[in-house]
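Undergrad: Numbering (our numbering), first residue to last: 476 to 639. Handing you this structure, nothing more for now.
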């Protein structure tokens, strides 16, 4: 009889722990999406068209969809821009702005080809390789078609024209 009571209490405790874990995971996912500037709503409106930018890299044109956040709105205010981006680690190009942008950084854990991020408050980064990272970034957007991105960025420094 005593063993049945202990077993019943143990089952109730396990159920409560599972409920708490599920609740925390749900909240963490919502917080992560907000930190990334990801709109979790399914609605799309006409304003989304202004959240696209064009990038001209070594004569090849790419488009990118921007996340709707304070950082990207400030970046859009600075366009058009022509920047000389430097090579780093064989997987990214970067450019330091003279003036900082607003930030909402998070640790993505992994980077995908075509991700456009802000490192710190003033370093624009375009990634052309997938990899894992411990660093924090503010998400800006993602290049739509990355098929020729690595070739376009080439080796060494590259000039990139960014426009609406």
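Built from N, CA and C at the ideal position, the CB exists for glycine as well. Keep in mind it's a predicted model, so treat the numbers as computed, not measured.
1) Quick check: residue 530 and residue 621, are their CB atoms within less than 8 angstroms of each other?
2) Is the CB-CB distance between residue 560 and residue 528 below 8 angstroms?
3) In whole angstroms, give me the CA-to-CA distance for residue 493 and residue 485.
4) Okay, do the region 538-553 and the region 576-592 touch, 3+ Cβ pairs below 8 angstroms being the bar?
5) Quick check on the burial criterion: 16 or more other C-beta atoms within 10 angstroms. Buried or exposed for residue 571?
6) Between 614, 598, 596, which lies nearest to residue 586 when the distance is taken from Cα to Cα?
7) Considering only the beta carbon of each residue, do residue 590 and residue 617 sit closer than 8 angstroms?
TA: The structure says:
1) no
2) no
3) 12 angstroms
4) yes
5) exposed
6) 614
7) yes
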